[in-house]
Amino acid sequence: MTPYAVITGDLVKSSTFKEKRKDALRTLDEIFNTLKSKLPKDIDTFISDIFRGDSFQIVVSDAEYALSIAIFIRAQLIRRSTAGIAINTRISIGIGSIEYLNQEKIMESDDEAFRLSERSLDEIPNYRRLIITSSSEEQNQTLEVLSAFIDAITSRWTSEQAEAISHWIFGETQTALAKRIGVTQSAVQQRLQLAGHFAIEACVKYFDSIIHK
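Counting along the sequence shown from 1, when you hit position 196 you're at 313 in this note's numbering, and nothing is skipped either side.
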């Protein structure tokens with residue numbers, strides 16, 4: 118049985134947003150609404166309200182989608198950043214069991230996946246933006262390397278590359294992407310290649326294989 122995943126995140130340096138704070142939170146809401154339309158209908162996904170001013174949690178019933186969700190959120194935030202406000206987030210994925218899930222009030226839920234996700238977010242180094250943790254120490258060694266590698270790739274994305282990745286990650290074709298963005302298919306292909314989509318794809322597949330062990 119595939120375990121649950123809890124994705125806990127918060128906005129980086131949100132205290133500096135000042136009068137643009139509402140815009141940043143509105144951006145998060147828009148990203149979450151788009152995310153719901155991207156995921157398969159048979160996957161249960163629950164998204165909390167914003168709490169502690171800049172934090173959120175997402176519960177997904179099939180953990181194999183967790184990494185793609187994290188990549189999507191980061192890509193969308195990079196795409197939507199402007200010269201006036203650069204929005205970024207730290208994300209912690211906890212993989213494990215959930216005995217009690219309050220679908221209406223996610224923050225009142227509890228169990229292994231929640232504790233792993235919340236604890237790891239509190240411990241994430243300042244220079245990192247993604248961390249993945251399970252209850253298996255052996256598995257965590259691999260997940261640490263995987264998340265560090267993805268972290269290094271995503272931190273170098275341009276807005277155009279991030280936009281392409283955010284739609285591609287859930288299976289949109291290059292032809293459909295070109296039509297959506299208003300550029301040629303070859304331009305989309307170049308953006309994806311420069312963004313390292315081949316490496317991202319390999320990481321997502323490897324993550325899936327780890328989850329299903």
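We put the CB at the ideal spot given by N, CA and C, even for glycine.
Review point. Would DSSP call Gln220 helix, strand or coil?
Key: coil
Review point. Going by alpha carbons, who is nearest to Ile212 out of Arg245, Lys222, Ser252 and Leu194?
Key: Ser252
Practice item. From the DSSP output, in three-state form, read off Asp227 for me. Key: strand
Exercise for review: Determine the direct distance from the alpha carbon of Ala183 to that of Ile328, and round the result to whole angstroms.
Suggested key: 10 Å
Check your understanding: Does the distance from the CB of Ile175 to the CB of Ile164 come in under 8 Å?
Key -> yes
Point to revise | the stretch 222–237 in contact with the stretch 253–260 per 3-pair CB rule at 8 Å | key: no
Exercise for review: Please state whether DSSP places Ser209 in a helix, a strand or coil.
Suggested key: strand
**Study point:** Rounded C-alpha distance that separates Met224 from Gly126
**Key:** 13 Å
Practice item. Confirm, please, whether the CB-CB distance from Trp274 to Ala304 is below 8 Å. Key: no
Review point. So Ile204 and Ala279 are in contact, right, with Cβ under 8 Å, and what is the actual spacing, rounded?
Key: 11 Å between Cβ atoms; not a contact.
Exercise for review: Please work out which residues of its chain come closer than 7 Å, Cβ to Cβ, to Phe168, disregarding the five sequence neighbours upstream and downstream, and give them in chain order.
Suggested key: Met224
Review point. Which runs of the alpha helix (DSSP H) spanning at least 4 residues fall entirely within the stretch 228–313, listed in chain order?
Key: 229–240, 254–271, 276–285, 291–298 and 302–311
Exercise for review: Write down every uninterrupted run of the beta strand (DSSP E) in the stretch 166–206 whose length is 3 residues or greater and which is fully enclosed by it, in chain order.
Suggested key: 172–177
Point to revise | Exposure of Ile286, with buried meaning 16 or more beta-carbon neighbours within 10 Å | key: buried
**Study point:** Best match in Ile249, Arg143 and Ile215 for proximity to Arg197 [C-alpha to C-alpha]
**Key:** Arg143
Exercise for review: Alpha carbon to alpha carbon, how far is Val123 from Leu233? Give it in angstroms, no decimals.
Suggested key: 8 Å
**Study point:** Nearest residue (CA-CA) to Pro120, options Lys130, Asn150, Ala180 and Gly288
**Key:** Ala180
Check your understanding: The beta strand (DSSP E) with Leu128 in it runs from where to where?
Key -> Tyr121 to Leu128
Practice item. Thinking Arg246 and Arg191 are a contact (beta carbons under 8 Å), I'd like their distance in whole angstroms, please. Key: 7 Å
Check your understanding: In this structure, does DSSP put Asp134 in helix, strand or coil?
Key -> Looking at the sequence provided, one finds Phe at residue 134 rather than Asp. Three-state result, Phe134: coil.
**Study point:** Extent of the continuous beta strand (DSSP E) to which Ile164 belongs
**Key:** Thr162 to Ile164
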